[in-house]
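In the working numbering, the protein residues as written are 122 to 417.
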């Protein structure tokens, strides 16, 4: 992979990780579903006026936008608003990797390789450890919402996997357009939001949070990630996703002084181990077999 593409992949991981800090800043000021709606509203507009409509059936961007934008991120923003530390959320939501594997096995009949199963079981033990730790110090609901967000992300991955190929920037823009209306309606019903002329201008932290989530995170990072996946094998690109929680945990520690209980630390280590087994396990196993299978 060229050094420019490596730096691009690291920048994507950094933006995705620091987005959890931006989420926490935003939900501290405005309701989470409203913030999610603003994120996708400003990600879509004015971009849809400058990029062509994706050359695929409308059901694909609508389905992806609803599942990834409205459901997945709506649940994730709610989990952080209800008390899940953003650094911890950046780790827990990576369970989407294993939800994707399970959904692919169930709905697409893809086989689950032994290393994938081992990685999933290791990460699952980590999730249980975090859940036990969180239950001792805080309500469990935010943790459950984050797990649900990871499952929704897995479904969105399935949609992206089976849909016809299309230009990524156009797809990002037009799929983002599907999310704001249901999010705004849900915010009105659940959060008591009333749209109209505001009594005062939004604060700078809210504006900064929305801007960061809409443009660097949604438009730039997603488009760059799709470009990398199209330019290189998934085996070369996907390990960079392991950097997302590193940036998320580091950013939350710097911005909020986030501290983790011992069981959560154990759980994070187990999740990282499970993700690493899933990404590197097959290749490491093949190399070991080649190494020890050669005649002396």
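Every residue gets a Cβ at the ideal spot worked out from N, C-alpha and C, and that includes glycine.
By Cβ distance below 6 Å, which residues in the same chain neighbour residue i in space, the five residues on each side in sequence not counted?
i: residue 307; result: 154
i: residue 271; result: 214, 216, 217, 220
i: residue 167; result: none
i: residue 401; result: none
Use the C-beta contact count for residue i: other C-beta atoms within 10 angstroms, 16 or more gives buried, fewer gives exposed.
i: residue 136; result: buried
i: residue 195; result: buried
i: residue 233; result: exposed
i: residue 127; result: exposed
i: residue 204; result: exposed
i: residue 283; result: exposed
i: residue 197; result: buried
i: residue 324; result: exposed
In the DSSP assignment, find the unbroken alpha helix (DSSP H) run with residue i in it and report its ends.
i: residue 152; result: Taken as a continuous stretch (DSSP letters only), residue 152 belongs to no alpha helix (DSSP H), as it is neither H nor E.
i: residue 282; result: 262 to 283
i: residue 179; result: No alpha helix (DSSP H) contains residue 179, which DSSP labels as neither H nor E.
i: residue 126; result: 124 to 148
i: residue 299; result: It is not in any alpha helix (DSSP H) - residue 299 carries neither H nor E in the DSSP assignment.
i: residue 346; result: 343 to 352
i: residue 199; result: 195 to 202
i: residue 210; result: 207 to 213
i: residue 366; result: 364 to 377
Residues in its own chain within less than 7 Å of residue i by CB, not counting five upstream and five downstream?
i: residue 346; result: 133
i: residue 211; result: 138, 141, 365, 366, 369, 370
According to the Cβ coordinates, are residue i and residue j closer than 7 Å?
i: residue 361; j: residue 130; result: yes
i: residue 388; j: residue 250; result: yes
i: residue 192; j: residue 273; result: yes
i: residue 280; j: residue 185; result: yes
For residue i, which residues of its own chain have a beta-carbon under 8 Å away from its beta-carbon, when the five flanking residues on both sides are left out?
i: residue 266; result: 196, 197, 199, 200, 203, 205
Please check if any C-beta of chain C sits within less than 7 Å of the C-beta of residue i.
i: residue 347; result: The structure shown contains no chain C; it holds only a single protein chain.
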